[in-house]
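Peer 1: Residue numbers (the numbering used here): 1 to 471.
Okay, handing you the structure first.
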RNA sequence: GGUCCCAUCGUCUAGCCUGGCCUAGGACGGAGCCCUCUCAAGGCUCAGACACGGGUUCGAAUCCCGUUGGGACCA
């Protein structure tokens, strides 16, 4: 049994796309499950559009989602000699030939063919010219098989049959000496001994063009798997106008990488009714025959639900660590430095049930940092009124009698006071909530007090009382 | 235009290969109720799909053919 070797081969012409991450993820899961090798290869032969920033973004994105690679990153631009060498090898074997047709001529002939209702492929004019040493501009073309069929036994789509008669002789080396996409992938996949080529299904029809090249060069043909596309809500290919498509944009919006991975894997793959998986489970349970054949619509709502799920269930300390950069960019750097990591984790526990993203969490968590809070104007106006002042004063007095905070005792004290006054819980709870957090919505009051501690609780209650009296 | 791929609730999907357990299951989203100091979380309930047409069969979401509709690639 030969070792499984898979690859992810993005072109660095922009940020790392969520579709790309999903392709990488399926490859990675398969590699890890099979104890195989995952190769990262940067397809940067398009010099005009490839950028260093983009390569850095791909690497950063891959690291963020935790898809570690075993070999690479390789770059095609560093492998030019290999492509030329193998292209010339094909020429020497008589499997490739020089084509001196000018681009304009090709264009005219293509139009003519189309006008006559024929398919617009290369007519093979230079195929039998036997040019050995082209004098001017020339491209190298591969002699594609013209008869028979090429059968691709796809891991996902099943058996797909193509008639070779529809194939034309594709250019493998351009007149400028650069290899074409369809050629360089074959050489790389062959030389890197890739056993399973898993990519987007936009490459399915490229496959019968590539298989004969493997054959001609005497390389073993890998298995292929073509993943369905990811679409936007209007069923068009996912793009900027559907919202963020860069993986790092999701990081910056406050999504957890585990949630992202879990969401992406379920977009096109399933394991019965299970929705939430640990990485280990994914590695164990992943299989090609449960990969969907049809395209899937990306759902920001479901992603958000899963993210909330992960925020609730991940170890609080881990969530707290991921939260820190968000607190810092919200201007809370100093405050964050003053508090302990465990207190931060307590804060996470306090608010995690009410939050969808880490960005949300910042909003929920800010009231607990300073000594005091600023009151939301509307909230104060509604709840910190002269009518509640006397009761609030009594509450403060009774709480002050306790040397330390104790949830059961303080809660009992609170309820007793409400009862004595003949009030409903909400009548006192809301003013207290505003005093403690500045807002009308918060976690349970006694959990809030716990996180605040005795002294800050009393300080804030007194401030609230002042406000109520002044109103 | 040619070739190829695809088709179950609004969305992600289970079921399809190995027909009957499907009056089609789960999840997100939506509606409602419960819980409740607010907001959430949670629990319960409801609405909601086998693209269409032919076959095959005692019986089809499941098998076959066609149609329609999407999409990709080639240029």
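Built from N, CA and C at the ideal position, the CB exists for glycine as well.
My assumption, with CB atoms under 8 Å, is that residue 87 sits in contact with residue 140. Please give the rounded CB distance.
Peer 2: Here the question's residue 87 lines up with position 87 in the first chain. Here the question's residue 140 lines up with position 140 in the first chain. With a Cβ gap of about 5 Å, residue 87 and residue 140 count as contacting.
Peer 1: Is the segment 46-59 touching the segment 265-273, taking contact as three or more C-beta pairs under 8 Å?
Peer 2: no
Peer 1: Going by DSSP, what residue range makes up the alpha helix (DSSP H) through residue 325?
Peer 2: Here residue 325 is taken as the residue at index 325 of the first chain, counted from 1. Per DSSP, the unbroken alpha helix (DSSP H) holding residue 325 starts and ends at 316-329.
Peer 1: So, is residue 20 buried or exposed, given that buried needs 16 or more other C-beta atoms within 10 angstroms?
Peer 2: Taking the first residue of the first chain as position 1, residue 20 is located at position 20. Flag for residue 20 reads buried.
Peer 1: Have a look at 71, 467, 441 and 435 and flag the residue whose alpha-carbon is nearest the alpha-carbon of residue 452.
Peer 2: On the first chain, residue 452 is found 452 positions in, with the first residue counted as 1. Nearest option by C-alpha distance: 435.
Peer 1: Any idea if residue 384 is buried or exposed, counting beta-carbon neighbours within 10 angstroms, 16 or more meaning buried?
Peer 2: Here residue 384 is taken as the residue at index 384 of the first chain, counted from 1. Residue 384 should be labelled buried.
Peer 1: Measuring straight from C-alpha to C-alpha, what distance separates residue 102 and residue 166?
Peer 2: The sequence position of residue 102 within the first chain is 102, counting from 1. The sequence position of residue 166 within the first chain is 166, counting from 1. Here the C-alpha atom of residue 102 lies approximately 22 Å from the C-alpha atom of residue 166.
Peer 1: Quick check on residue 135: does DSSP put it in helix, strand or coil?
Peer 2: If you number the first chain from 1, residue 135 lands on position 135. Here residue 135 sits in coil by DSSP.
Peer 1: Residue 225: buried (16+ other C-beta within 10 angstroms of its C-beta) or exposed?
Peer 2: To locate residue 225, count along the first chain from 1; it is residue 225. Counting Cβ neighbours within 10 Å, residue 225 comes out buried, since at least 16 surround it.
Peer 1: Could you tell me which of 81, 297, 423 and 3 sits nearest to residue 231, measuring between CA atoms?
Peer 2: Indexing the first chain from 1 puts residue 231 at position 231. Out of 81, 297, 423 and 3, 297 has the C-alpha closest to the C-alpha of residue 231.
Peer 1: Just to check my reading of the structure: residue 8 and residue 248 have Cβ atoms closer than 8 Å, yes? What is that Cβ distance to the nearest angstrom?
Peer 2: In the first chain, counting from the first residue as 1, residue 8 sits at position 8. In the first chain, counting from the first residue as 1, residue 248 sits at position 248. Not a contact, Cβ separation roughly 16 Å.
Peer 1: Could you work out which residue in 191, 241, 82 and 162 is closest to residue 206 when comparing CA atoms only?
Peer 2: Taking the first chain and counting its residues from 1, one reaches residue 206 at position 206. Residue 162 is the option with its Cα nearest to residue 206.
Peer 1: Is it buried or exposed for residue 153, if we count other Cβ within 10 angstroms and need 16 for buried?
Peer 2: Counted from its first residue, the first chain places residue 153 at position 153. Looking at its Cβ environment, which holds fewer than 16 other Cβ atoms inside 10 Å, residue 153 is exposed.
Peer 1: Quick one: what's got a C-beta closer than 7 Å to residue 429's C-beta in the same chain, skipping five residues either side?
Peer 2: Walking along the first chain from the start, residue 429 turns up at place 429. Cβ neighbours of residue 429 beyond the five flanking positions: 445.
Peer 1: Does the segment 306-323 touch the segment 338-358, meaning 3 or more C-beta pairs lie closer than 8 Å?
Peer 2: yes
Peer 1: Measure the Cβ-Cβ separation of residue 191 and residue 142 and say whether it is below 8 Å.
Peer 2: As a first step, residue 191 must be located in the first chain, where it is residue number 191. As a first step, residue 142 must be located in the first chain, where it is residue number 142. Going by C-beta atoms, residue 191 is not nearer than 8 Å to residue 142.
Peer 1: Take residue 287 and list the residues in its own chain whose beta-carbon comes closer than 6 Å to its own, dropping the five residues that flank it on each side.
Peer 2: As a first step, residue 287 is located in the first chain; it is residue number 287 there, counting from the start. Closer than 6 Å at Cβ, skipping near neighbours: no residue.
Peer 1: Rounded to whole angstroms, what's the CA-CA distance from residue 181 to residue 189? Just pull it up for me.
Peer 2: Walking along the first chain from the start, residue 181 turns up at place 181. Walking along the first chain from the start, residue 189 turns up at place 189. Taking the straight line joining both Cα atoms gives about 12 Å.
Peer 1: For the segment 266-307, which segments carrying the alpha helix (DSSP H) assignment without a break, of at least 4 residues, lie completely within its bounds, in sequence order?
Peer 2: 279-285
Peer 1: Considering only their Cβ atoms, is the gap separating residue 331 from residue 375 smaller than 8 Å?
Peer 2: Sequence index remark: in the first chain, residue 375 carries index 375 (1-based). Sequence index remark: in the first chain, residue 331 carries index 331 (1-based). Cβ atoms of residue 375 and residue 331: not closer than 8 Å.
Peer 1: Residue 468 and residue 367: beta carbons closer than 8 Å?
Peer 2: Numbered from its first residue, the first chain carries residue 468 at position 468. Numbered from its first residue, the first chain carries residue 367 at position 367. The answer is no: Cβ separation not under 8 Å.
Peer 1: When burial is assigned at 16 or more other CB atoms within 10 Å of the CB, is residue 130 buried or exposed?
Peer 2: The residue labelled residue 130 in the question sits at position 130 within the first chain. Result: exposed.
Peer 1: Can you confirm whether the segment 105-112 touches the segment 65-76 when touching is taken to mean that 3 or more C-beta pairs between the two stretches lie within less than 8 Å?
Peer 2: no
Peer 1: In chain order, what are the residue ranges of uninterrupted alpha helix (DSSP H) at least 4 long that sit wholly in the segment 366-454?
Peer 2: 377-383, 389-400, 407-421 and 425-437
Peer 1: On a Cα-Cα basis, can you pick out the residue from 340, 379, 144 and 417 that is closest to residue 97?
Peer 2: Within the first chain, residue 97 is the residue found at index 97, counting from 1. Of the candidates 340, 379, 144 and 417, the one whose C-alpha sits nearest the C-alpha of residue 97 is 144.
Peer 1: Straight-line CA distance for residue 220 to residue 132?
Peer 2: Within the first chain, residue 220 is the residue found at index 220, counting from 1. Within the first chain, residue 132 is the residue found at index 132, counting from 1. Approximately 29 Å, taken between the alpha carbons.
Peer 1: Helix, strand or coil for residue 34, going by three-state DSSP, please let me know.
Peer 2: What you label residue 34 is simply residue 34 of the first chain in a count that begins at 1. Coil, per DSSP.
Peer 1: Given a threshold of 16 other Cβ atoms within 10 Å of its Cβ, counted over all protein chains shown, does residue 183 qualify as buried or as exposed?
Peer 2: Reading the first chain from its first residue, position 183 is the one you call residue 183. It counts as buried.
Peer 1: Would you call residue 57 buried or exposed, if buried means 16 or more other Cβ atoms sit within 10 Å of its Cβ?
Peer 2: Translated into positions along the first chain, residue 57 becomes position 57. By the 10 Å Cβ count, residue 57 comes out buried.
Peer 1: Cβ-heavy atom distance between residue 361 and the ligand FAD below 7 Å?
Peer 2: Absence of the ligand FAD from the depicted structure is noted, as is the absence of any ligand whatsoever, leaving it without description.
Peer 1: With DSSP run on the structure shown, which of helix, strand or coil describes residue 478?
Peer 2: This structure does not reach residue 478, given that the chain is present from 1 up to 471, and the question cannot be answered.
Peer 1: Could you tell me the boundaries of the beta strand (DSSP E) in which residue 150 lies?
Peer 2: Counting from one through the first chain, the residue named residue 150 turns up at place 150. Note, residue 150: beta strand (DSSP E), 149-154.
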